Amino acid sequence: QDTSRAVLITGSTSGIGLAVAHVFGRAGYHVMLHGLADADSVQALRQEFADYDGKVGFSSADVSSEEGCAQLVSETREAIGNPSVLVNNAGIQFTAPTHEFPSDIWQQILAINLSASFYLMRDLVPAMRATNWGRIINIASVHGLVASENKAGYCAAKHGLVGLTKVVALENADCNITANAICPGWVETPLIQPQIETISREQSVDLDTARAQLVGAKQPMAKASPTNAIAELAMYLCGDFASTITGASLPVDGGWTAQ
Ligand code: NAD
């Protein structure tokens, strides 16, 4: 089994992860899909990938625990072998002021948005080191670089992920393994929908107006990035010209962090 071009993308049933999976699938990679999804949508998802050349696997492991991450690793190895590319993308959001932030949600966000990436890198990097090649792409956020109010869990996890990415980059610089964080501003996916709905409800405006308001409040270019902007950058990081880009945090944010 040739696993030199095999990719695991966590949280690839939706949004950014799904776009990443398509870009790699189209390029002929073996693709391990992953995320929380019911049987019907898994079947529809597999169908979307049926025409690509590589193998396609799927895992619904819940990555909010170490055991769930271990399950994902073993299901991935079974389906596509050891991935040479790992895209840590699964993530959740919740907004509330720090003094009202529920502790169970704080734990969940840290578990999914930060610790899962640690467990998966810990378990999958050794095989990359053995082959002397690997690519790790962590989907962080502008909130790994700057803060916004009401995002204590998310900002803490994403800042942590940016730091963790740098550590892994340094530790594996001797093995042709790069580790980078992509830091998107607003991307049009289901993850941001609750924030749009809150603005719509609180200010009695329609969803389009609320969306424009949400995006424009922080992002000088007042348009959300398409999911493919992130997916194509992930693919670029796996190409020959990106072999010395490592430990970087790459914003795709319409100027958000330039301010
Ligand atoms: P999304 O809600 O569309 O997709 C999230 C994915 O993660 C889904 O596949 C879901 O099943 C999976 N997931 C969530 N919890 C899980 C769990 N416990 N176990 C297994 N899988 C789980 O979100 P998205 O907007 O595509 O976000 C993807 C990543 O990009 C996240 O890390 C997010 O923080 C980051 N991001 C998104 C934006 C944005 O504006 N959408 C901006 C910056 C960063």
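Counted from 1, the sequence shown has number 658 at position 224 by this note's numbering; the numbering is strictly sequential. All C-beta atoms, glycine included, are put in the ideal place defined by N, C-alpha and C. Owing to the predicted nature of the structure, the values given are computational and were not obtained by experimental measurement.
Let me check one thing: in DSSP terms, what residues is residue i bridge-paired to?
i: S493; result: H468
i: A530; result: K585
i: A440; result: H464
i: V519; result: V441, R569
i: L684; result: I616
i: V621; result: S659
Would you mind reading off the limits of the beta strand (DSSP E) that contains residue i?
i: T612; result: 611-618
Regarding residue i and the ligand NAD, is the C-beta to nearest heavy atom distance less than 7 Å?
i: I630; result: no
i: I543; result: no
i: N606; result: no
i: L470; result: yes
i: N614; result: no
i: A581; result: no
i: D538; result: no
i: S623; result: The sequence given here has Thr at residue 623, not Ser. Checking every heavy atom of the ligand NAD against the Cβ of T623, one is found closer than 7 Å.
i: N547; result: yes
i: I633; result: no
i: D485; result: no
i: E660; result: Rather than Glu, the amino acid found at residue 660 in this sequence is Pro. Because no heavy atom of the ligand NAD lies under 7 Å away, the Cβ of P660 does not count as near it: no.
i: N516; result: no
i: D496; result: yes
i: A478; result: no
i: P654; result: no
i: A524; result: yes
i: P618; result: yes
Quick one: give me the first and last residue of the alpha helix (DSSP H) that residue i is part of.
i: N566; result: Looking at the DSSP string, N566 is not in any alpha helix (DSSP H), and its letter there is neither H nor E.
i: S508; result: 500-514
i: I697; result: The question about residue 697 has no answer here: the residues shown for the chain are numbered 435 through 693.
i: W690; result: Careful: W690 lies outside any alpha helix (DSSP H) and carries neither H nor E.
i: L641; result: 641-652
i: P628; result: 627-637
i: A484; result: No alpha helix (DSSP H) contains A484, which DSSP labels as neither H nor E.
i: D538; result: 537-544
Would residue i and residue j be called neighbours here (beta carbons separated by less than 8 Å)?
i: A663; j: V649; result: no
i: V559; j: I611; result: yes
i: G578; j: G688; result: no
i: G568; j: S518; result: yes
i: I526; j: K489; result: no
i: F458; j: V476; result: no
i: N584; j: P531; result: yes
i: A613; j: T444; result: no
i: R563; j: C609; result: yes
i: G491; j: A603; result: no
i: L667; j: V639; result: no
i: P660; j: E622; result: yes
i: A665; j: A471; result: no
i: I539; j: G587; result: yes
i: G469; j: S498; result: no
i: I573; j: N516; result: no
i: M555; j: L506; result: no
i: T510; j: S493; result: yes
Segment contact flag, the segment 627-647 with the segment 586-602, C-beta cutoff 8 Å, min 3 pairs: no
With three or more C-beta pairs closer than 8 Å as the rule, is the segment 539-547 touching the segment 459-479? no
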